[in-house]
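Worksheet: the structure to be examined is printed underneath.
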Amino acid sequence: MARPIASLPGDDIGPLIDDAVRRNAIPGVATAVMKAGVQLYARSAGRANLETGTSMSPDAILRIGSLTKQFVAAAVIRLAMLGKLDLSAPVSRYLPAFSKLPPFSLLEAMHQTAGLHSDESEEAIAAPAPARTQLALAAEIAGQAKPFDFPPGTAWLYSNANYIVLGAVIEQVMAMPLATAMERLVFEPLGLRHTAFDNAEEVVPGRASGYSATQTGVPPFANAAWLDPSQTGGAGAMRSTVGDLCKWHDLLLGDRLLDRTHTRLMLTPGRLRDGRLSSANRFPPQDANYGDYGDTEYACGLLVSGPSQPHPNILHYGFINGFSAVLQTWIGPRVTFASLCNVDVGPGVPFSGIRKAVVARWVGA
Numbered sequence: 005m006a007r008p009i010a011s012l013p014g015d016d017i018g019p020l021i022d023d024a025v026r027r028n029a030i031p032g033v034a035t036a037v038m039k040a041g042v043q044l045y046a047r048s049a050g051r052a053n054l055e056t057g058t059s060m061s062p063d064a065i066l067r068i069g070s071l072t073k074q075f076v077a078a079a080v081i082r083l084a085m086l087g088k089l090d091l092s093a094p095v096s097r098y099l100p101a102f103s104k105l106p107p108f109s110l111l112e113a114m115h116q117t118a119g120l121h122s123d124e125s126e127e128a129i130a131a132p133a134p135a136r137t138q139l140a141l142a143a144e145i146a147g148q149a150k151p152f153d154f155p156p157g158t159a160w161l162y163s164n165a166n167y168i169v170l171g172a173v174i175e176q177v178m179a180m181p182l183a184t185a186m187e188r189l190v191f192e193p194l195g196l197r198h199t200a201f202d203n204a205e206e207v208v209p210g211r212a213s214g215y216s217a218t219q220t221g222v223p224p225f226a227n228a229a230w231l232d233p234s235q236t237g238g239a240g241a242m243r244s245t246v247g248d249l250c251k252w253h254d255l256l257l258g259d260r261l262l263d264r265t266h267t268r269l270m271l272t273p274g275r276l277r278d279g280r281l282s283s284a285n286r287f288p289p290q291d292a293n294y295g296d297y298g299d300t301e302y303a304c305g306l307l308v309s310g311p312s313q314p315h316p317n318i319l320h321y322g323f324i325n326g327f328s329a330v331l332q333t334w335i336g337p338r339v340t341f342a343s344l345c346n347v348d349v350g351p352g353v354p355f356s357g358i359r360k361a362v363v364a365r366w367v368g369a
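Note that my numbering has the sequence shown beginning at 5, numbered continuously upward.
Right, here's the structure in full:
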């Protein structure tokens, strides 16, 4: 990745992120902008580690939370493209643990219309916990006292359980751990050298530490609560850099991983079994925040802009203990921006301001 650009004429991003660090709104942040495969901008501010004083770098490696979902969706679609699985088949074809439950397809899981309940109580994700395979986690999901929040295909609900199940399908079809399968299916073919499923025991040069804002503000930050990445798996266990994330969207949209038909499938909004767009029946209350993203539909691990947005785009956020992430591409000009912070999501995370600056400078009014 290119060296960070300290400033550009009319640079609105640098002062914005510098101010966020100065106000102790965030420990550190890295941001990059790419247009049609060419990096236009890379900038960082603050610290990657508050204890060692290590500066944040545009090349820093951070956890990306739910940005993981789009990579997992692409891997499942690639397996379908290669004839290894059928997206319309019930998940139970690949995971027998679901054979006695109401059927739902792989595509419904990707579209978040399967209805799977996601137990995210403190007890369910308590730490520390032994690392578990996606197959084991999927079996736990199938065995929940309440497996579904609604009948499959009848509504939309953002549920991490869907993507843990998809990760298990990848493990089953590839006969290897999800991390290894994703390396072979996605990361290696695209040359994403700094992207991987995170491993808490691995020594990763350049990996940033994650923090949470304190209630009193004195000191401003504490180490984030421990969460082993294996517990989030296909829903949120990956790590990456802003450069790799921009490259990922550019290569995806350039049909470098999937053929044109399957790329379009990945970007096509999900529908319910009655034919309506999934947004027609969003299941309350967990999805209420999706109104903040404007006119959007959910495709395969990605939010896709609706017709009222002036510039068609794809978008997703990622939030996990100690880290916040955003990745967005405007399709027409092929402009992508990625931003990663090493703090829990909160009002101080400057993603909205960065997005506005990117739109003003590189996308257009």
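Virtual Cβ for every residue (Gly too), placed ideally from N, Cα, C.
Consult DSSP for residue i and reduce its assignment to one of helix, strand or coil.
i, result
"SER216", "strand"
"LEU306", "coil"
"THR267", "helix"
"VAL353", "coil"
"VAL362", "helix"
"PRO94", "strand"
"GLN332", "strand"
"SER144", "The residue asked about is misnamed: residue 144 is Glu in this sequence, not Ser. Here GLU144 sits in helix by DSSP."
"ARG82", "helix"
"ALA34", "strand"
"ILE252", "In the sequence as displayed, the identity of residue 252 is Trp instead of Ile. If DSSP states are grouped into helix, strand and coil, TRP252 belongs with the helices."
"SER343", "strand"
"GLN43", "strand"
"ILE17", "helix"
"MET60", "coil"
"LEU110", "helix"
"SER312", "coil"
"THR117", "coil"
"ALA194", "It should be noted that the sequence gives Leu, not Ala, for residue 194. LEU194 falls in the helix class under three-state DSSP."
"ARG260", "coil"
Between the beta-carbon of residue i and the beta-carbon of residue j, is there less than 8 Å?
i, j, result
"LEU249", "ALA342", "yes"
"ALA24", "VAL33", "yes"
"GLY18", "ARG47", "yes"
"LEU71", "GLY350", "no"
"ALA64", "GLY157", "no"
Please classify residue i: is it buried, with 16 or more other beta-carbons within 10 angstroms of its beta-carbon, or exposed?
i, result
"GLU127", "Because GLU127 carries a pLDDT of 46, less than 50, the predicted location of this residue cannot be relied on, and the following value inherits that uncertainty. When all chains shown are included, GLU127 counts as exposed."
"LYS150", "exposed"
"LYS88", "exposed"
"ALA204", "exposed"
"ASP299", "exposed"
"VAL207", "exposed"
"TRP334", "buried"
"ALA329", "buried"
"LYS251", "buried"
"GLY147", "exposed"
"GLN43", "buried"
"LEU182", "buried"
"GLU112", "buried"
Along the chain, where does the alpha helix (DSSP H) containing residue i start, and where does it finish?
i, result
"LEU167", "Reading off the sequence, residue 167 comes out as Tyr, not Leu. 164-178 is the span of the alpha helix (DSSP H), which, as asked, contains TYR167."
At a cut-off of 7 Å, is residue i close to the ligand PLP when judged by its beta-carbon and the heavy atoms of the ligand?
i, result
"ARG26", "Looking at this structure, you won't find the ligand PLP or any other ligand, since it has none at all."
Starting from residue i, trace the beta strand (DSSP E) both ways and give me its first and last residue.
i, result
"LEU281", "Unbroken run through LEU281: none, as it is neither H nor E."
"ALA226", "225-227"
"LEU319", "317-324"
>> Quick test of the definition: if touching needs 3 or more C-beta pairs under 8 Å, does the region 229-239 touch the region 160-170?
In response: yes
> Are at least three pairs of beta-carbons, each pair with one atom in the region 76-84 and one in the region 172-187, less than 8 Å apart?
Replying inline: yes
> Is there contact here, the region 264-280 with the region 299-314, by at least three beta-carbon pairs under 8 Å?
Replying inline: yes
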